[in-house]
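Q: Using the working numbering, read the sequence shown as starting at 9 and increasing by one per residue.
Beta carbons: idealized from backbone N, C-alpha and C, even for Gly.
Keep in mind that this is a model prediction, so the values were computed, not measured.
Structure below; questions to follow.
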Amino acid sequence: MILFVFIPYPSSPSYETINGYYSTGLYITDLDKNNKKDIIVSNGNDMERERNYILYNGSFYLPNWFSSDSQYFGHLSVGDVNGDGFLDLVVAGFSGYYENWKKQVNVLYINNNGILNNFPSWVSDSVRCFGVAHGDVNGDGLSDFAFFCGNDYNNSPEEVKIYLSNGYILNNFPYWKSDSIYSLGGKFFDVDNDGDLDLFVGVYNNKCRLYKNNNGILESNPSWISNVICKANQVSVGDINKDGYLDVVVANMGNVLIFYNNNGTLNPNPFIISNVGNYTSAVSLGDLNNDGYLDLAVGGWWDPLLIFENINGTFNSPSWIFNIGNALVSEYIFFSDLDNAYLIDTFETFLVPTNNYHVFVLKHKPIDKILAVYVNGNLIASNYVYNEEDGWVSIKKQILAPMDSVKIFYRYSKSIDMVITNWEKSRGNFIFLNQNSSIKETKLNNQKVIYDILGRKINKLKKGVNFIIDEKGNKRIVIVD
């Protein structure tokens, strides 16, 4: 029997942000650690020099932070470049149609204790880069970034480049470069479960590629190439069929390519979803209906926004459609619990199997927050980075050894909302709040029971990790410094 579960989004947006921008990149996180979501948007694309902006503290309409610089900005990502525990912002610089595709620069804005600098602390050389991905290539517990470059519109291929953190900002010179291609996006992820981050590169008008990471060194030539010609835009990763390996989804200009992972090797012949529109540009995976499977959202240029329910690891026809014609040009789709409607605290325990193993993929994506990381029972306050969108944590490999126990406490949501950046400047960006009325936050009452990290019942909170279980069995984690 096939059971179709309700997709919990309204037929029209719950909110629409201010219009007047060619919005492109998107990330949602808590930059200032006040437990309120901040929506980060990059603007300009190939149409106009514009500033990046942030909707801080749960604001859904007017930005309350702007970058000082204006460019033809592409996509964005976040990560902790300097190891201070606050997420910094990185944005790709593309090129402009009305300036003869003049090159731009990639930029880094440093987060100072929750306050993001308006001006860049680092700029790259002049490039035409549209995509950016966050990773920790060398396993030093600091954030590195890959930029996906090249402009097919003016026949200007470029190298994909990776810049490592030097502990303060990004290095001036790239750590790694590909050959010159056209690439709009890609992802760092652990394809073979060996505890490091490999790089998937979406290629336009050529075959997609995978560069494997061997003990912190990314291979020079791809060890995997697709059997089909890609017209790749954005990329998403996740374990679609729940076999323990991460699969890759590619927005492919007219269809969606799904490269299923077979025991650590991507199938070069993708499963193709063709009923998605003409100019597929954005894809994102998330468990929208809490059935344990990652559902798929798909958007395009002047195409409807679609959601495909995951039925036992496969996608058939869309279960939800939003269509406003030419007023929607989807650039990025991001899932997050904007209103903190149903947050769950949990933990996972890992055993380090080998040397150089440092990446731990969590069971849930997206995650809301990393609460604490322990190695052999010792709290580590730094020396790790994480990716909320893709659900992984990378710990500095020098502090890990085989047979070490790693325990990661984190928060995720059972009520994730959906945000879409919209290139069409006559309209804003769209926010769809989760409407699952059966989900309610359970408040603790006097029936709660408290346990310590060893599972012993205690009468009051103690220093360290505590578990609180209410009368309905809902579990919360409380960490006391």
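Would DSSP call Ala335 helix, strand or coil?
A: helix
Q: Assuming Tyr69 and Thr32 are in contact, meaning their beta carbons sit under 8 Å apart, how far apart are those beta carbons, in whole angstroms?
A: That pair is no contact at about 19 Å.
Q: DSSP state of Lys404, grouped into three classes?
A: Reduced to three states, the DSSP call for Lys404 is coil.
Q: What are the boundary residues of the beta strand (DSSP E) that includes Gln112?
A: Lys110 to Tyr117
Q: Can you tell me the Cβ-Cβ gap for Gly158 and Arg136, rounded? I've got them flagged as a contact below 8 Å.
A: 6 Å
Q: Report yes if the C-beta distance between Val412 and Val383 is below 8 Å; otherwise report no.
A: One detail in the question is off: residue 412 reads as Asp in this sequence, not Val. Yes, the pair counts as a contact, with Cβ atoms nearer than the cut-off.
Q: From the DSSP output, in three-state form, read off Tyr176 for me.
A: coil
Q: Kindly indicate the opening and closing residues of the beta strand (DSSP E) around Val381.
A: For Val381, the enclosing beta strand (DSSP E) stretches over residues Lys377 to Val383.
Q: How many angstroms separate the CA atom of Phe342 from the CA atom of Gly82?
A: 16 Å
Q: Does the structure place the stretch 251-264 close enough to the stretch 401-419 that three or more beta carbon pairs sit under 8 Å?
A: no
Q: Express the C-alpha separation of Gln443 and Glu449 in angstroms, rounding to a whole number.
A: In this predicted model, Glu449 has a pLDDT of only 39, less than 50, meaning its place in the structure is not dependable; the value taken from the coordinates is given anyway. Answer to the nearest angstrom: the Cα atoms are 13 Å apart.
Q: Please classify Asp160: does DSSP put it in a helix, a strand, or coil?
A: Three-state result, Asp160: helix.
Q: Could you tell me which residues DSSP pairs with Asp38 in its beta bridges?
A: Per DSSP, none; premise fails for Asp38.
Q: Counting pairs of beta carbons, one from the stretch 234-248 and one from the stretch 357-366, are three or more of them closer than 8 Å?
A: no
Q: If you pair each beta-carbon of the stretch 160-168 with each one of the stretch 184-197, do three or more pairs fall below 8 Å?
A: yes
Q: Tell me the DSSP secondary structure of Glu317 in three-state form.
A: coil
Q: My guess is that Tyr161 and Trp109 are in contact by the Cβ rule of under 8 Å, so how many angstroms apart are they, rounded?
A: About 7 Å separates the two Cβ atoms, so the contact holds.
Q: What residue range does the beta strand (DSSP E) around Arg217 cover?
A: Tyr212 to Tyr219
Q: Going by DSSP in three states, Tyr268 sits in which element: helix, strand or coil?
A: In the three-state DSSP reduction, Tyr268 falls in the coil class, being neither helix nor strand.
Q: Measuring CA to CA, which of Tyr61, Asn120, Ile352 and Asn222 is closest to Asp198?
A: Asn222
Q: Nearest to Val401 by CA position, among Asn269, Ser423, Leu387 and Ile378, is which residue?
A: Ile378
Q: Compare the beta carbon distance of Ser50 and Val89 with 8 Å and say whether it is the shorter of the two.
A: no
Q: What is the DSSP secondary structure of Tyr23, reduced to helix, strand or coil?
A: strand
Q: Taking DSSP as the reference, what is the three-state secondary structure of Glu56?
A: coil
Q: Can you check which of these residues, Leu313, Val243, Ala335 and Leu124, is closest to Ser76 by C-alpha distance?
A: Leu124
Q: Kindly indicate the opening and closing residues of the beta strand (DSSP E) around Thr288.
A: Thr288 to Gly294
Q: Rounded to the nearest angstrom, what separates Thr37 and Ile47 at their Cα positions?
A: Note on geometry: alpha-carbon atoms of Thr37 and Ile47 lie some 7 Å from one another.
Q: Using only alpha-carbon positions, find the residue among Gly210, Leu254, His372 and Gly472 that is nearest to Asp202.
A: Leu254
Q: Are Asp425 and Phe440 touching if we call contact CB-CB under 8 Å?
A: yes
Q: Around the C-beta of Ile403, are 16 or more other C-beta atoms found within 10 angstroms, so that it is buried, or is it exposed?
A: Residue environment for Ile403: buried (at least 16 other C-beta atoms within 10 angstroms of its C-beta).
Q: Is Tyr106 helix, strand or coil by DSSP?
A: helix
Q: Which two residues bound the contiguous beta strand (DSSP E) that contains Trp73?
A: That run of the beta strand (DSSP E) goes Trp73 to Gln79.
Q: Could you tell me the distance, in whole angstroms, from the CA atom of His142 to the CA atom of Ile332?
A: 32 Å
Q: Measure the alpha-carbon distance for Asp206 versus Ala154 and round it to whole angstroms.
A: 11 Å
Q: Could you please give me the residues that DSSP links to Ser282 through a beta bridge?
A: Looking at the DSSP output, Ser282 shares a beta bridge with no other residue.
Q: Do you know how far the Cα of Tyr340 is from the Cα of Ser191?
A: 16 Å
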